[in-house]
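Peer 1: Would you mind keeping the following structure in view while I ask a few things?
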Amino acid sequence: MAAPPRPVPPQPAPRRRAPAAPLGRDTSDVLQQIMAITDQSLDEAQARKHALNCHRMKSALFSVLCEIKGNTAVSIRHQEEDPPDAQLLRLDNMLLAEGVSRPEKRGRGAAAGATATPGGCPNDNSIEHSDYRAKLSQIRQIYHSELEKYEQACREFTTHVTNLLREQSRVRPVSSKEMEHMVGIIHSKFSAIQRQLKQSTCEAVMTLRSRLLDARRKRRNFSKQATEVLNEYFYSHLSNPYPSEETKEELARKGGITVSQVSNWFGNKRIRYKKNTGKFQEEATMYTGKTSTASMARGPGGQPSCQSTASPGSCGPFPLASGGDMVLTLRTLAFLQPPPGGACLQTPAHSSWQRATTPQPTSSPAGDSGSFNSDVSN
DNA sequence: TGGAATGATTACTT
DNA sequence: AAGTAATCATTCCA
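Heads up: the first sequence begins at 7 in my numbering, then just goes up one per residue.
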């Protein structure tokens, strides 16, 4: 087998001294002049450039440069298509989702955040998120103006470089591929800047979100209506303050809050009540008075949604401090007679709650030793 | 302005 | 999965 042809070593680019044989003295001079341009001032260079353009050997020089270029075969590093950058894609998606990268639209903006934020009535959301929307709008404006600036600068610089290359192409061979390559480099540099812009915009949006949309930070006290509804249920089911899912839904609807807020409220209430029963006596009295009045007005069985009444023999832990609950007391008395077998027909009360809230004689500010612990719904 | 009240979150238990 | 207990973060009020 014949040995593969040895690659021809690239000829060194002509430096100060031109190859003597094929080129004459004129050409050598011209080349020297070209090389010297880099050491000259701008004005000198311009003058020299003009002189070169008008030089009688210009076309000869051009063809020589073409030949040299052909031989040295300066390969334009093939600019492989960048694979779609995952991080850039994420940034773009996020900016799109936040309504930053799309043109501003009325009423949009924080919608994603608003729907994700639990709690509060819808009005609250719109009021609280208006601040967010305003700030997001500012971010959007800055983002777009910066983006526009970068694009403008990119266009100008590309034009400038292209013109420069076109002009140079009069004295040296510049292929369209080279031009494209150069333009590609410029674009990739500018897109790096744009990525930076996108990154910082995303960070700004994230900060804004956490500052203005974080549910815990935007805590609002429930409306009086909601608190009343919840307290009424709580104190009227003191022996077993564990509303069912359906009841929670109903309470949520009545109070204009979410089911999870109802759950949170009952969780907090149970804990805090258990921890400091005495502190809640006044409140308990108030609500048990209210609900008993209401139930008297409604008559027996007036609370269809309250299915988790205390079971007989596991009466509510607290004495009814207020008067006006004669009916309740009598009803409670009735419950003191355990049914045959003593079985609980109702939802089983949570034993831990009952254990923990077993009435302590000292915890009753009313000191009414004659009254019975009662769940008013009984 | 400080402390109490309160809604939400989190780690853990049942 | 629902509840408890501790804690956080915010709001309210004297």
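The beta-carbon is built from N, C-alpha and C at its ideal position, and this holds for glycine as well.
(1) Identify the continuous alpha helix (DSSP H) that holds G261 and give its terminal residues.
(2) What first and last residue would you give for the alpha helix (DSSP H) that runs through Y279?
(3) Note down, in chain order, each residue of its chain lying with its Cβ closer than 7 Å to the Cβ of R62, except the 5 sequence neighbours on either side.
(4) State the Cα-Cα distance for the pair F385 and C208, rounded to the nearest angstrom.
(5) Helix, strand or coil for C60 per DSSP?
(6) Quick check on the burial criterion: 16 or more other C-beta atoms within 10 angstroms. Buried or exposed for I277?
(7) With C-beta atoms as the reference, is V265 less than 7 Å away from E252?
(8) Taking C-alpha atoms, which residue in D49, S250, A92, L58 lies nearest to E173?
(9) By the 10 Å Cβ neighbour count, where 16 or more other Cβ atoms means buried, how is R161 classified, buried or exposed?
(10) Checking 7 Å against the spacing of the C-beta atoms, do I192 and T164 come in under that value?
(11) Flag this pair as yes or no: are the beta carbons of T294 and Y239 separated by less than 7 Å?
(12) Between V106 and Y156, is the Cβ-Cβ spacing less than 7 Å?
(13) Quick one: grab the DSSP three-state call for G105.
(14) Could you give the DSSP three-state label for D45: helix, strand or coil?
(15) Under 7 Å, do G273 and A232 count as touching if we go by C-beta distance?
(16) Taking 6 Å as the limit between beta carbons, can you name the residues of its chain near K296, skipping five residues before and five after?
(17) Note down, in chain order, each residue of its chain lying with its Cβ closer than 8 Å to the Cβ of E289, except the 5 sequence neighbours on either side.
(18) In whole angstroms, give me the CA-to-CA distance for E154 and K183.
(19) Mind checking whether K204 and L97 have CB atoms under 7 Å apart?
(20) What distance in whole Å lies between the Cβ atoms of K75 and P179, which are believed to be in contact at a cut-off of 8 Å?
(21) Is it right to say E86 is buried, meaning 16 or more other beta carbons lie within 10 angstroms of its own, or is it exposed?
(22) Let me know if N77 comes out buried or exposed under the rule of 16 or more other beta-carbons within 10 Å of its beta-carbon.
(23) Over what stretch of residues does the alpha helix (DSSP H) that includes L236 continue unbroken?
(24) Take the Cβ of R226 as the centre, count every other Cβ of all protein chains shown within 10 Å, and call the residue buried at 16 or more, exposed below.
Peer 2: Once the coordinates are examined:
(1) The count along the first sequence starts at 1 and reaches residue 261 at position 255. 251-261 is the span of the alpha helix (DSSP H), which, as asked, contains G261.
(2) Position 273 of the first sequence, counted from the first residue, corresponds to residue 279. Per DSSP, Y279 belongs to the alpha helix (DSSP H) from 265-281.
(3) Here residue 62 is taken as the residue at index 56 of the first sequence, counted from 1. Around R62: no qualifying Cβ.
(4) Outside the shown range of the chain, which is 7 to 384, sits residue 385, and nothing can be said about it.
(5) Here the question's residue 60 lines up with position 54 in the first sequence. Three-state DSSP puts C60 in coil, outside helix and strand.
(6) The residue given as residue 277 occupies position 271 in the first sequence. When all chains shown are included, I277 counts as exposed.
(7) For the purposes of this step, residue 265 is taken as the residue at position 259 of the first sequence. For the purposes of this step, residue 252 is taken as the residue at position 246 of the first sequence. In this structure, E252 does not lie closer than 7 Å to V265 by Cβ.
(8) The sequence position of residue 173 within the first sequence is 167, counting from 1. Among D49, S250, A92, L58, the Cα nearest to that of E173 is on L58.
(9) Sequence index remark: in the first sequence, residue 161 carries index 155 (1-based). Exposed, because fewer than 16 other Cβ atoms sit within 10 Å of the Cβ of R161.
(10) The residue labelled residue 192 in the question sits at position 186 within the first sequence. The residue labelled residue 164 in the question sits at position 158 within the first sequence. Yes. Within cutoff.
(11) The residue you call residue 294 lines up with position 288 of the first sequence. The residue you call residue 239 lines up with position 233 of the first sequence. No.
(12) For the purposes of this step, residue 106 is taken as residue 100 along the first sequence, with counting starting at 1. For the purposes of this step, residue 156 is taken as residue 150 along the first sequence, with counting starting at 1. Not closer than 7 Å, so no.
(13) For the purposes of this step, residue 105 is identified with residue 99 of the first sequence, where counting begins at 1. Three-state result, G105: coil.
(14) Here the question's residue 45 lines up with position 39 in the first sequence. In this structure, D45 counts as coil in the three-state DSSP scheme.
(15) In the first sequence, residue 273 corresponds to position 267, counting from 1. In the first sequence, residue 232 corresponds to position 226, counting from 1. No; because the gap between Cβ atoms is not below 7 Å, this pair is not in contact.
(16) Indexing the first sequence from 1 puts residue 296 at position 290. Contacts found: none.
(17) Walking along the first sequence from the start, residue 289 turns up at place 283. Counting only Cβ-Cβ distances below 8 Å, and skipping sequence neighbours, we find N237, Y241.
(18) Numbered from its first residue, the first sequence carries residue 154 at position 148. Numbered from its first residue, the first sequence carries residue 183 at position 177. Spanning the two alpha carbons is a distance of roughly 28 Å.
(19) Along the first sequence, one-based indexing puts residue 204 at 198. Along the first sequence, one-based indexing puts residue 97 at 91. Taking 7 Å as the Cβ cut-off, K204 and L97 qualify as a contacting pair.
(20) Translated into the one-based positions of the first sequence, residue 179 becomes position 173. Translated into the one-based positions of the first sequence, residue 75 becomes position 69. Correct: roughly 5 Å between the Cβ atoms.
(21) For the purposes of this step, residue 86 is taken as the residue at position 80 of the first sequence. Low confidence applies to E86: its pLDDT is 48, below 50, so where it sits in the model is not reliable enough to give any reading.
(22) To locate residue 77, count along the first sequence from 1; it is residue 71. Classification of N77: exposed, given that the 10 Å Cβ count is below 16.
(23) Stepping through the first sequence from its first residue, residue 236 is reached at position 230. Segment 230-242, the alpha helix (DSSP H) holding L236.
(24) Against the first sequence, residue 226 aligns to sequence position 220. Exposed: under 16 other Cβ atoms inside 10 Å.
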